[in-house]
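Take the position in the sequence shown, starting the count at 1, then add 1; the result is the number in my numbering.
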Amino acid sequence: MSIINNIKIIKDKIPNYVNLVAVSKTKSCDDIMQVYNTGHINFGENKVQELIKKQKVLPKDINWHMIGHLQRNKVKSIAPFIYLIHGVDSLRLLIEINKRAFENNRIIDCLIQINISNEKNKFGININDFKIIYNKASNLKNIKIKGIMGMATYSKNKNKIKEEFKKLNNLFNKFKNKELNILSMGMSNDYEIAIDEGSNMIRLGSSIFGSRENKV
Ligand SMILES: *Cc1c(COP(=O)(O)O)cnc(C)c1O
């Protein structure tokens with residue numbers, strides 16, 4: 002299957018209201034351009050270095066999504082152009098994004114990452130702490146909390162994945178409003194379940210670009 006076929010098939014399959022982020026980490030600019038040339042402009046990367054390198058040479062109308070863990074000392078380098086930061090997991094990080102957004106005369110859209118799986122190595126805040134961060138962020142004028150993001154446990158157990166996505170959707174529904182309207186959940190192996198459970202933004206890498214040969 003070609004990359005172009007893959008993205009066409011996925012787009013035909015998902016509902017219109019679901020936004021697709023093509024996760025291009027480890028993939029070449031040529032691969033990205035194949036997808037771009039179908040009219041797709043939303044791409045996700047998880048490493049700042051790689052993101053900056055690609056952003057420099059690829060078309061300027063691409064919406065770049067930072068989907069990986071973001072360190073505070075790297076915010077400065079993506080603040081001029083980043084479209085949406087998915088993995089925000091602390092107030093300190095939000096404060097830094099706000100500061101760098103202000104310097105660039107921008108408002109940067111952010112998603113708060115919630116840890117819905119029991120895996121210790123997954124980033125994100127505890128679901129019960131969302132309200133605290135959300136309220137404290139309300140006086141940061143150069144960021145907008147546009148929604149929440151989460152990753153399910155990597156598992157073959159569909160019920161487990163479903164339960165985790167359900168938890169995230171419940172939280173989303175409690176806080177949903179005009180501004181907070183993005184629920185980013187679902188990857189190549191679980192996006193159908195995620196959409197069933199209310200996702201309106203999915204992040205797909207391998208199902209579009211093919212496997213990453215064990216590179217993360
Ligand atoms: C790599 C990655 C994805 C895409 O993973 P696939 O399984 O290739 O679809 C989605 N979200 C995050 C946060 C990732 O790091």
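The C-beta atom is built at its ideal place from N, Cα and C for all residues, glycine as well. Since we're looking at a predicted model, the values are computed, not measured.
Taking the CA atoms as reference points, Lys-168 sits about 13 Å from Phe-131. Around the beta-carbon of Ser-200, 16 or more other beta-carbon atoms lie within 10 Å, marking it buried. The residues Asn-20, Ile-183, Ser-185, in chain order, have a CB closer than 6 Å to that of Met-202 in the same chain once the five nearest residues on each side in sequence are set aside. Contact annotation: the stretch 57-75 does not touch the stretch 100-107, with fewer than three C-beta pairs closer than 8 Å. Here DSSP, grouped into helix, strand and coil, assigns Phe-82 to coil. A distance below 6 Å between beta-carbons, with the five flanking residues on each side excluded, links Gly-45 to the following residues of its chain, in chain order: Val-22, Val-24, His-66, Ile-68, Arg-204. The beta carbon of Lys-100 lies closer than 7 Å to none in the same chain, with the five residues before and after it left out. Excluding sequence positions up to five before and after Asn-116, its CB lies within less than 6 Å of the CB of Lys-123, Gly-125, all in the same chain and listed in chain order. Of the residues Ser-3, Asn-190, Ile-83, the one whose Cα lies closest to the Cα of Lys-159 is Asn-190.
Burial state of Tyr-18 is exposed, judged by a 10 Å Cβ sphere holding fewer than 16 other Cβ atoms. For Ile-42, the CB contacts under 7 Å within the same chain, skipping 5 residues up- and downstream, are Asp-62, Ile-63, Asn-64 in chain order. Rounded to the nearest angstrom, the gap between the Cα atoms of Ile-149 and Leu-95 is 14 Å. The C-alpha of Phe-173 is placed about 30 Å away from the C-alpha of Val-36. DSSP places Ile-42 in the coil class of the three-state scheme, outside both helix and strand. With respect to the C-alpha of Lys-77, the residue from Ala-102, Gly-88, Lys-57 having the closest C-alpha is Ala-102.
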